[in-house]
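Student: In our numbering, the protein residues as written are 13 to 229.
Note that CB positions come from ideal geometry on N, CA and C, so glycine has one too.
Since the model is a prediction, treat every value here as computed from it, not as a measurement.
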Amino acid sequence: MKTFKTVAFTAVALAVAAVGVGCASGPSPAELDREALQVIRSAFRDEGIVKVARLDQDAANEACSKALGKEPPAEVVKAVEAANLQSVKAPSDGKYLGDWKEGEKIAQSGRGLTWTDDAKTANGGNCYNCHQISKQEISFGTIGPSLYQYGKLRGVADPASQASKPIIDYTWNKLWNARAYNACSQMPRFGHMGILDEAQIRHVMALLLDPKSPVNQ
């Protein structure tokens, strides 16, 4: 299997060769994009649970890719966020919180989604890779904001109360599909992409919002 560096170099070489030196015109950007995509696809194959279809982009990924690291046009952002919010599925039994102890296990686990993983193995959330969550954890990423005292800082003393419902709903939606609130969010769309199942998301919800969780101590 070719490396990303090889693929990138080949794609650039194709683009340069296609445009040529001293030529009056060359392929359009769209044509070059198609050629580069063909090169990239040729470097991958289905392997275990990982399929080449992972290279397929939905509307959100395509819009953010075209923006080249910048914010897409406001109307595109609005459309992407609305579509992703629409895709969120509320808990089938109406229960938003599970067991925070199980949520901690999920947050600590980075297993899943690689070609060596068994499809029957539960995925982890790998939350500490991007966030500080509990005070006890001394190693964590900083790509995302600190989530320490997430529920406490937002006034969630009783997750079952009506006063807590807005933040409960927001947190569930964010975990299910982060692009509902940030069109180009780097956060995995855990529910939308099937990375975590409904029960797992409930457990992570409890980790963040249960007053008894170490997160809120």
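Report the residue from 208, 197, 221 whose alpha carbon sits nearest the alpha carbon of residue 96.
Tutor: Among 208, 197, 221, the Cα nearest to that of residue 96 is on 197.
Student: Report all residues from its chain with a CB closer than 6 Å to the CB of residue 146; omit the five preceding and five following residues, and keep chain order.
Tutor: 226, 227
Student: Taking the CB atoms as reference points, tell me whether residue 216 and residue 118 lie closer together than 7 Å.
Tutor: yes
Student: Would DSSP call residue 168 helix, strand or coil?
Tutor: In the structure shown, residue 168 sits in coil (DSSP, three-state: anything other than H, G, I, E or B).
Student: Below 7 Å between beta carbons: does that hold for residue 158 and residue 148?
Tutor: It is not a contact, given that the beta carbons lie outside the stated cut-off.
Student: Taking DSSP's pairing of strands, which residues face residue 216 in a bridge?
Tutor: Answer by DSSP bridge pairing: none, since residue 216 is not bridged.
Student: Look at the alpha carbon of residue 141 and the alpha carbon of residue 41, and state the distance between them as a whole number of angstroms.
Tutor: The alpha-carbon atoms of residue 141 and residue 41 are separated by roughly 36 Å.
Student: Between which two residues does the alpha helix (DSSP H) containing residue 95 stretch?
Tutor: 86-98
Student: Pairing CB atoms from the region 170-185 with CB atoms from the region 133-140, are three or more of them under 8 Å?
Tutor: no
Student: Reducing DSSP to helix, strand and coil, say where residue 74 ends up.
Tutor: In this structure, residue 74 counts as helix in the three-state DSSP scheme.
Student: Does the count of Cβ pairs from the region 85-96 and the region 154-170 closer than 8 Å reach three?
Tutor: In short, these stretches do not touch, since the Cβ pair count stays below three.
Student: May I ask you to report which of helix, strand or coil DSSP gives residue 59?
Tutor: Looking at residue 59 - three-state DSSP - the assignment turns out to be strand.
Student: Can you list, in chain order, the stretches of the alpha helix (DSSP H) that have 4 or more residues and sit fully within the region 183-228?
Tutor: Taken in chain order, the unbroken stretches of alpha helix (DSSP H) that lie wholly in the region 183-228 and span 4 residues or more are 210-221.
Student: If you pair each beta-carbon of the region 187-202 with each one of the region 106-121, do three or more pairs fall below 8 Å?
Tutor: no
Student: Pull up the distance between the alpha-carbon of residue 79 and that of residue 91, whole angstroms please.
Tutor: 15 Å
Student: Please name the residue in 133, 201, 170 whose C-alpha comes closest to that of residue 218.
Tutor: 170
Student: Under 6 Å Cβ to Cβ from residue 121, same chain only, skipping five residues before and after it: list those, please.
Tutor: 136
Student: State the DSSP-derived secondary structure class of residue 181, mapped to helix, strand or coil.
Tutor: When DSSP states are grouped into helix, strand and coil, residue 181 belongs to the helix group.
Student: Could you work out which residue in 221, 48, 74, 209 is closest to residue 168 when comparing CA atoms only?
Tutor: 221
Student: Please report the straight-line C-alpha distance between residue 108 and residue 47, rounded to a whole angstrom.
Tutor: So the alpha carbons of these two residues sit roughly 46 Å apart.
Student: Who are the Cβ neighbours of residue 207 in its own chain at under 8 Å, not counting the five residues just before and after it?
Tutor: 124, 125, 135, 137, 200, 201
Student: Spatial neighbours of residue 14 within its chain, please: CB distance less than 7 Å, with the 5 preceding and 5 following residues excluded, ordered by chain position.
Tutor: For residue 14, the predicted structure reports a pLDDT of 45, less than 50, and the residue's modelled location is therefore unreliable. A value from the coordinates is still provided. Once the five neighbours on either side are set aside, the close Cβ partners of residue 14 are 55.
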